[in-house]
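Peer 1:
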Amino acid sequence: MSQQYGPPPGPPPAAAPGGWGSGPGTPTGPGGWGPGPNRPQGRPAKSNRSQFIIIGAAALAVVLVAVGVVLLVTGGGGEDQPAAVQTPDAPGTLYTPPAGSKPDDSKGPNDVGVEVGRGIWFTPAKGWLPDPKSRSGQNYILQQFNVRGLIDGYFWVRQTELYDAKGFAEHLVDIESNGMQNVVIGKGEECKPANEAIKACYRLNYTAKIKTAKNGLIDYQGFVTSYSDKWDRITATDVGLETRVYERRKDNLKSMNDSVERSF
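If you count the sequence shown from 1, position 260 lands on 293 in the working numbering, and the numbers rise without skipping.
(1) Can you tell me the Cβ-Cβ gap for Gln192 and Arg151, rounded? I've got them flagged as a contact below 8 Å.
(2) Taking all protein chains shown into account, do 16 or more other C-beta atoms lie within 10 angstroms of the C-beta of Leu205, making it buried, or fewer, making it exposed?
(3) Along the chain, which unbroken stretches of the beta strand (DSSP E) at least 3 residues long are found entirely within the region 130-169?
(4) Per the DSSP calculation, Thr245 is bridged to which residue(s)?
(5) On the criterion of 16 or more Cβ atoms from any shown chain inside 10 Å, does Pro68 qualify as buried, or is it exposed?
(6) I believe Ile267 touches Phe201 by the beta-carbon criterion, under 8 Å. Please report the beta-carbon distance rounded to the nearest angstrom.
(7) Classify Glu275 as helix, strand or coil using the three-state DSSP reduction.
(8) Between which two residues does the beta strand (DSSP E) carrying Ile174 extend?
(9) Using a threshold of 7 Å, state whether the C-beta atoms of Thr315 and Val190 are closer than that.
(10) Can you list, in chain order, the residues of its chain with a C-beta nearer than 6 Å to that of Asn238? Leave out the 5 residues immediately preceding and following it.
(11) Out of curiosity, what's the CA-to-CA distance linking Asp265 and Glu148?
(12) Apart from the five residues just before and just after Lys225, which ones in its own chain have a Cβ nearer than 8 Å to its Cβ?
(13) What does the Cβ neighbour count give for Asn248, buried or exposed, with the cut at 16 atoms within 10 Å?
(14) Just mark Phe188 as buried or exposed, buried being the case when its beta carbon has 16 or more other beta carbons within 10 Å.
(15) Looking at the secondary structure, which residues open and close the alpha helix (DSSP H) in which Phe201 lies?
(16) In terms of residue numbering, what span does the beta strand (DSSP E) encompassing Gly219 cover?
(17) Are Thr240 and Val217 close, meaning C-beta to C-beta below 7 Å?
(18) Beta-carbon within less than 8 Å of Lys283's beta-carbon, same chain only, minus the 5 sequence neighbours each way: which residues are those?
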C-alpha cells in the first residue's frame, strides 16, 4: 500500500496610453503664456495680492492635512476614539515554527540507548536484540526461548515525512497485517503524550492469526503509535508480538515506547 501526499501564463495586456498630454491629431502651437500675438487680449493681469492669497491658502491646506494625519495615527488623544482593530488568529490552528527556524537534533538528556534519527532515541529492554536484516529505522527482535532462528516479536521504530501521524499509523498496520488471517483492526485514537514537543499522536492496534509450518495458526497482536514533531516529521513505534508472550512482555513494550516519547 502506498500513498502520495504531496492558468496558463499569457503575455500581459498592452499598456493603455496615459499621462497628461495632447491626444492624437491635436495641433500644437507655440508653448507657454508670454508676450506675442498668441497671448489672449483683454485678460487682466494678476495682482500681487491675489498671488499672496493663493499661496497662503495652499500653505494652510498643507497644515490642515498634516494635522489630520497626526490625529488619524494617534487617535486624537480622546477616550471616545475606537481602539485599533486586531485580526485574531484563526481558530484551531496548530503551532507552526517561525519561518527559517530549524529543529535541534543534537543529543539531549533523554536521548538514551539507540539513535533512530532526527533527534530521536530509544532504550531497548533487556532480552531484545538488534535485527541484523533491518534496513530502515531501528528494529529490535525478541527471540524465542531456546529456539534458534525463531522470534516471538519485534519493536520497530520507523520514520517518514510522507504521511501525517494518523496516515502513517494506518499505513504501517496495513503493511504488517498483509498476509495474515482473521485480521481485526481496532478503532484508532488520538493520544496525548506528556511531552509538549510532540505535536500530534495517533495509535492503532490489531489482532490476527499467523500461519506457521510447525504449529499451524497462532494468535498474534500488534499496535502502531505514530508521533509528529513540530516540523511535521513522523516517528512511529511499530510493534508485533505473539499473544502467548504478550502479557509477559507488555512492560517491555511500554518502557521502550515511553523512551521514544521522552526523546522528542
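For each residue, glycine too, the CB sits at the ideal point set by N, CA and C.
Peer 2: Looking at the coordinates:
(1) 6 Å
(2) buried
(3) 147-150, 153-155 and 161-163
(4) Gly249
(5) The predicted position of Pro68 is uncertain, since its pLDDT is 32 and thus under 50; a value taken from the coordinates is nonetheless stated next. Pro68 is exposed by the Cβ-count criterion.
(6) 5 Å
(7) strand
(8) Gln171 to Gln176
(9) The structure shown does not extend to residue 315, since the chain is modelled only from 34 to 297, so the question has no answer here.
(10) Gly219 and Phe256
(11) 19 Å
(12) Cys234
(13) exposed
(14) buried
(15) Ala198 to Ser210
(16) Neither: Gly219 is in no beta strand (DSSP E) and is coded neither H nor E.
(17) yes
(18) none
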